[in-house]
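Structure record follows, encoded as structure tokens.
Structure (structure tokens):
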């Protein structure tokens with residue numbers, strides 16, 4: 006996978022190069038680093054930076070992240086986004102349900 010060097014306010018992605026968000030960031034010349042595994046992204050991220058673990062397997066397969074990933078992210082005070090997670094520490098994740106016309110738009114400067 007090709008990687009673009011991140012700068013201050015760095016962003017790390019865990020996804021395939023065919024992921025739609027990856028393609029939008031590349032098209033808009035947003036600097037980020039891409040990783041194959043969540044653990045690698047969290048390990049490479051500097052204190053306080055952002056890591057997005059994206060759901061390449063949606064809707065067939067929830068996104069996996071080992072408990073150690075969450076602990077390391079907490080210690081580094083990372084801004085962590087996990088799309089369609091299979092598990093989150095301290096939370097019960099139910100089975101996916103079919104929806105009809107439900108949508109949400111979230112706008113925030115949280116990730117820089």
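Residue numbers (this note's numbering): 6 to 117. Note that CB positions come from ideal geometry on N, CA and C, so glycine has one too.
Check for me: the beta strand (DSSP E) holding residue 86 runs from which residue to which? For residue 86, the uninterrupted beta strand (DSSP E) segment begins and ends at 84-87.
Give the C-beta separation of residue 77 and residue 48 to the nearest angstrom, bearing in mind that I take them to be a contact with Cβ-Cβ under 8 angstroms. 7 angstroms
Can you tell which of 80, 103, 90 and 37 has the C-alpha that lies nearest to the C-alpha of residue 62? 90
My guess is that residue 58 and residue 87 are in contact by the Cβ rule of under 8 angstroms, so how many angstroms apart are they, rounded? 5 angstroms
When we look at the beta-carbon of residue 115 and count the other beta-carbons within 10 Å, is it buried (16 or more) or exposed? exposed
What is the DSSP secondary structure of residue 35, reduced to helix, strand or coil? Note: residue 35 maps to coil in three-state DSSP.
Which value, in whole angstroms, describes the spacing of the CA atoms of residue 24 and residue 16? 15 angstroms
8 angstroms contact criterion, which residue 93 and residue 55 should meet: CB distance rounded: No, residue 93 and residue 55 are not in contact; Cβ-Cβ is about 17 angstroms, not under 8 angstroms.
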